[in-house]
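Below is one structure, written out as structure tokens; the observations come after it.
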Amino acid sequence: MIEADAANRLMRLAKEIARHNRLYHDQDAPEISDADYDALVRENAALEAQFPHLVRADSPSRTVGHAPVASGLAKVTHARPMLSLDNAFSGEDVREFVARIRRFLALDGDAPVPLTAEPKIDGLSCSLRYENGVLVQAATRGDGAVGEDVTANVRTIADVPQRLTGNAPAIFEIRGEIYMAKDDFAALNAAQQKAQQKLFANPRNAAAGSLRQKDPSVTAARPLRFLAHGWGEVSALPADTQSGIMAAIGGWGVPVSDLLIRAGDVEQALAHYARIEAERADLPFDIDGVVYKVDRLDWQTRLGFVAKAPRWAIAHKFPAERAQTTLEAIDIQVGRTGKLTPVGRLTPVGVGGVIVSNVTLHNRDEIARLGVRPGDRVVVQRAGDVIPQVVDNLTRHEDRPAFAFPDHCPECGSEAVAEEGEVDVRCTGGLICPAQRFERLRHFVGRPALDIEGLGEKSIAEFLGLGWLERPGDIFRLKRHRAELLTKEGWKEKSVDNLFAAIEAKRAPDAGRLLFGLGIRHVGAVTAKDLVKAFGTLPAIRETAEAAHAGDADALARLTAIDGIGPAVVEALGDFFHEPHNCDLWDDLLSEVSPPAYVSTARETEWTGKTIVFTGKLETMSRDEAKAQAENLGARAAGSVSAQTDLLVAGPGAGSKLKKANELGIRVIDEGEWAAIVAAAG
Ligand code: IVH
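Right, dumping it as structure tokens:
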């Protein structure tokens, strides 16, 4: 490779690897397998070895993991950095690692180098700081220099003693891996599924997601475990070998792997690797290799570190496991957001102790890249516990037509389109698509949208199941099922009345919230509000969007003149109204509700310039919505009662404000009367 290409490639690798680091460490949502990630890192290292003067300041070889972001947990600066490990991928790599050590220490070519060998646990590293034997702090690795304070969470892990037994040095940081056992992971995901909560991709992600919680009670409910594999800052060391110290740590009551051995030389270490690899599928937790460490601490000290990893340790990674099988079919699944995901159905095949019969094919581009069609022989890979992937197609050269990615949604028949520059194909069916219906309805009644209290996920699911709900307008016709609802478990007169009252209170909803609630792509709460402000009513918005879609330059200009509204919003609105079923749904909804037109404060209404105060509990709307309604009427919503107050809307529990309003002789009404005023003004 010529230098310019190498520089270019190194730049791309730095960006790409940094992105995968973020996905893995911060978002617990890796996109590629560990083996593919390692391949990128190796390519980077090989290029840097060939062109040492091209090593970038932001090179992945100089950085560990990724600085913590956005979790809301406090930062902890590590007293000693938490390092990473270099990787070996073959016995030869490991022998070369030992040969390098001999050269560095100027030992004889055949001098034995005793090593410890232990499983590389696929979890996340954590540093436990003990002072006088008492756990005082726990921190994640973060970028190696600064991690996150997870003390409260780690205190909930049974494997981690609050107090060490025996005589530990005054300061001793135990480092190790927090992980989740395979069985516990399966049980957790089953429970998540039942509760309609997010599923975790693998035990590592589940452990990471469980640990980095602001609320320790969430961590406490998750089955996390800990295995020690080293130490950080210490005031004294209880032995002069790695194996000796690990034994001491075990003696203090902290779990240490029972697969940790001291090998007299590299061949013994490799034999242990073979044993662990053979046992891998039966181990209770995921491992992705074996870690070797020089046993003598005086040698470790002399060997020191290179950039981000010690010279005295290496991770011998397991090869990604692969198998061949037949791709029987490609099914298209429609996700909650309408994304069409191709799923490969395989002739079941064993890969690394697990039977694989489904693989994700990610998207249209991935299918084209692999050139896969039903009937092809494919190579399936499973690395760590990452979702199995198709990595190769053995039949691709056969003269058969390519797989035709659907241009219509298999669930509802609506058009399925990919936006410019996007790989994902999405169903445009929105609410009429059964795959999207539940999420869409949930969004529609949710707090930032219509905010119908009492119509939660459970009720939506129940009403969907009963066939009472398909689209938003149906919500306002639910009362027809009153008698039958009263026969259902969990529903009593009072709860049914409350539900219907909450629904009725939304007959004159805020137009912006209603528009936002429809979940039109790119139309968020702010955009929806801006549209309403600019056009006044929902029909006016529709008319303008349809005209713009049909090529009316004036309509397009009026839309894009609004701050923050660009071609994506215009196109999304156009697409939405282009679908007849969306128009039906819209008409149906507007036959049930009458959102008041947006009234700019400049317009005169009975309430223009008046000051309104809300107090007590509002039962059918949020405080924000009530204030927005007041503003819609041209009034000002204030926080306290004074002689300038014109109206007090008081709900149950109103106290001092109500008293003061009465003293000042200010008109006081309840929420129902307020709703009537709003409806009348609309
Ligand atoms: S020793 C200075 N031993 O692997 C050396 N690490 O890829 C520090 N890991 O950050 C690491 N099992 O989180 C070591 N038996 C083991 C390990 C192990 C898992 C993790 C650890 C480290 C990462 C490096």
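Sequential numbering from 437 applies to the sequence shown in my numbering. In this text, a Cβ means the ideal position worked out from N, Cα and C, and glycines have one as well.
Any alpha helix (DSSP H) of 4 or more consecutive residues that is wholly inside the stretch 668-694: Counting whole runs of 4 or more residues, the stretch 668-694 contains the alpha helix (DSSP H) stretches 678-687.
Own chain partners of W1043 with C-beta closer than 6 Å, once the 5 adjacent residues on each side are dropped: Residue mapping note: residue 1043 aligns to position 607 of the sequence shown, counting from 1. The residues are L1069, G1070, A1071.
Local conformation of M518 per DSSP, three classes: Residue 518 sits at position 82 when you count from the first residue of the sequence shown. Looking at M518 - three-state DSSP - the assignment turns out to be coil, as it is neither helix nor strand.
Buried or exposed (CB count within 10 angstroms, at least 16 for buried), V1114: Numbered from its first residue, the sequence shown carries residue 1114 at position 678. Label assigned to V1114: buried.
Range covered by the beta strand (DSSP E) that runs through F608: Stepping through the sequence shown from its first residue, residue 608 is reached at position 172. Per DSSP, F608 belongs to the beta strand (DSSP E) from 607-616.
Beta-carbon spacing of M1057, A941 below 8 Å: Residue 1057 sits at position 621 when you count from the first residue of the sequence shown. Residue 941 sits at position 505 when you count from the first residue of the sequence shown. Yes.
Stretch-stretch touch, CB-based, cutoff 8 Å, three pairs: the stretch 719-730 with the stretch 568-587: Cβ pair count under 8 Å is below three, so no.
For L921 and A1066, the rounded distance between their alpha carbons: Position 630 of the sequence shown holds residue 1066. Position 485 of the sequence shown holds residue 921. If I take the Cα positions, the gap works out to 35 Å.
Secondary structure of F754, DSSP reduced to three states: Along the sequence shown, one-based indexing puts residue 754 at 318. Look at F754 here: in three-state DSSP terms it is coil, with no helix or strand label.
Per-residue burial, H665 [other beta carbons within 10 Å of its own, 16 or more giving buried]: Along the sequence shown, read from residue 1 onward, the residue named residue 665 stands at position 229. So H665 counts as buried.
Cβ distance (whole Å) where I768 is taken to contact P842 below 8 Å: Position 332 of the sequence shown, counted from the start, is the residue given in the question as residue 768. Position 406 of the sequence shown, counted from the start, is the residue given in the question as residue 842. Confirmed, about 6 Å.
Length of the line joining the Cα atoms of F1012 and P975: On the sequence shown, residue 1012 is found 576 positions in, with the first residue counted as 1. On the sequence shown, residue 975 is found 539 positions in, with the first residue counted as 1. Their backbone Cα atoms lie some 14 Å apart in a straight line.
Residue ranges of each beta strand (DSSP E) within the stretch 715-745, 3 or longer: 723-730, all fully within the stretch 715-745.
Closest by C-alpha distance to L1009, when choosing among H958, D812, H456, V792: Along the sequence shown, read from residue 1 onward, the residue named residue 1009 stands at position 573. Here the closest residue by C-alpha is H958.
Ligand 1 heavy atom lying under 7 Å from the CB of S520: Walking along the sequence shown from the start, residue 520 turns up at place 84. S520 Cβ: within cutoff of ligand 1.
Classification of M437 by the beta-carbon crowding that lies within 10 angstroms, buried from 16 upward: Start at 1 with the first residue of the sequence shown, and residue 437 comes out as number 1. Answer is exposed; the Cβ neighbour count stays below 16.
Three CB pairs or more closer than 8 Å across the stretch 739-758 and the stretch 514-527: Taking 8 Å as the limit for Cβ pairs, the verdict is that the stretch 514-527 does touch the stretch 739-758.
Contact between the stretch 609-618 and the stretch 550-567 (3+ Cβ pairs under 8 Å): The stretch 609-618 vs the stretch 550-567: in contact.
Three-state secondary structure (DSSP) of H798: To locate residue 798, count along the sequence shown from 1; it is residue 362. Reduced to three states, the DSSP call for H798 is coil.
Simplified DSSP state of Q628, which is helix, strand or coil: Residue mapping note: residue 628 aligns to position 192 of the sequence shown, counting from 1. Residue state, collapsed to three classes: helix.
Nearest-angstrom beta carbon gap, I453 and V491 [assumed within contact, 8 Å]: Translated into positions along the sequence shown, residue 491 becomes position 55. Translated into positions along the sequence shown, residue 453 becomes position 17. Between I453 and V491 the Cβ distance is about 14 Å, and since that is not below 8 Å, they are no contact.
For V1049, the residue or residues it bridges with in DSSP: Working through the sequence shown from its first residue, we reach residue 1049 at position 613. Under DSSP, V1049 shares a beta bridge with A1074, L1084.
Local Cβ density within 10 Å of V770, reported as buried at 16 or more and exposed below that: Taking the sequence shown and counting its residues from 1, the one referred to as residue 770 is at position 334. Buried.
Residue burial classification, V505 (beta-carbon count within 10 angstroms, cutoff 16): Residue mapping note: residue 505 aligns to position 69 of the sequence shown, counting from 1. Low local confidence applies: a pLDDT of 43 at V505 is under 50, so the model's placement there is unreliable, with the coordinate-based value given in what follows. Under this definition V505 is an exposed residue.
CB-CB length for D946 against E1061, believed under 8 Å: Numbered from its first residue, the sequence shown carries residue 946 at position 510. Numbered from its first residue, the sequence shown carries residue 1061 at position 625. With 8 Å as the limit, D946 and E1061 qualify as a contact, their Cβ atoms being about 6 Å apart.
Residue(s) in a DSSP beta bridge with S563: One-based indexing of the sequence shown puts residue 563 at position 127. As a beta-bridge residue in DSSP terms, S563 pairs with A575, R611.
Whether L695 touches E554 by CB criterion (8 Å): The sequence position of residue 695 within the sequence shown is 259, counting from 1. The sequence position of residue 554 within the sequence shown is 118, counting from 1. Between L695 and E554, the C-beta spacing is below 8 Å.
Collapsed DSSP secondary structure at F1029 in the structure displayed: The count along the sequence shown starts at 1 and reaches residue 1029 at position 593. First, the residue type needs correcting, since residue 1029 is Val and not Phe in the sequence shown. It is coil, neither helix nor strand.
Proximity test, E554 beta-carbon vs ligand 1 heavy atom, cut-off 7 Å: Residue numbering aside, residue 554 sits at position 118 when the sequence shown is read from its first letter. Yes - ligand 1 has a heavy atom lying nearer than 7 Å to the Cβ of E554.
Best match in T783, A804, D801, R805 for proximity to V795 [C-alpha to C-alpha]: As a position in the sequence shown, residue 795 is number 359, starting the count at 1. When T783, A804, D801, R805 are compared, the shortest CA-CA separation from V795 is found for T783.
Beta-carbon separation (whole angstroms), A442 vs L483, contact threshold 8 Å: The residue you call residue 442 lines up with position 6 of the sequence shown. The residue you call residue 483 lines up with position 47 of the sequence shown. A442 to L483, Cβ: 5 Å. Contact.
Limits of the alpha helix (DSSP H) - the one that R873 falls within: Taking the sequence shown and counting its residues from 1, the one referred to as residue 873 is at position 437. Under the DSSP assignment, R873 falls in the alpha helix (DSSP H) whose first and last residues are 870-881.
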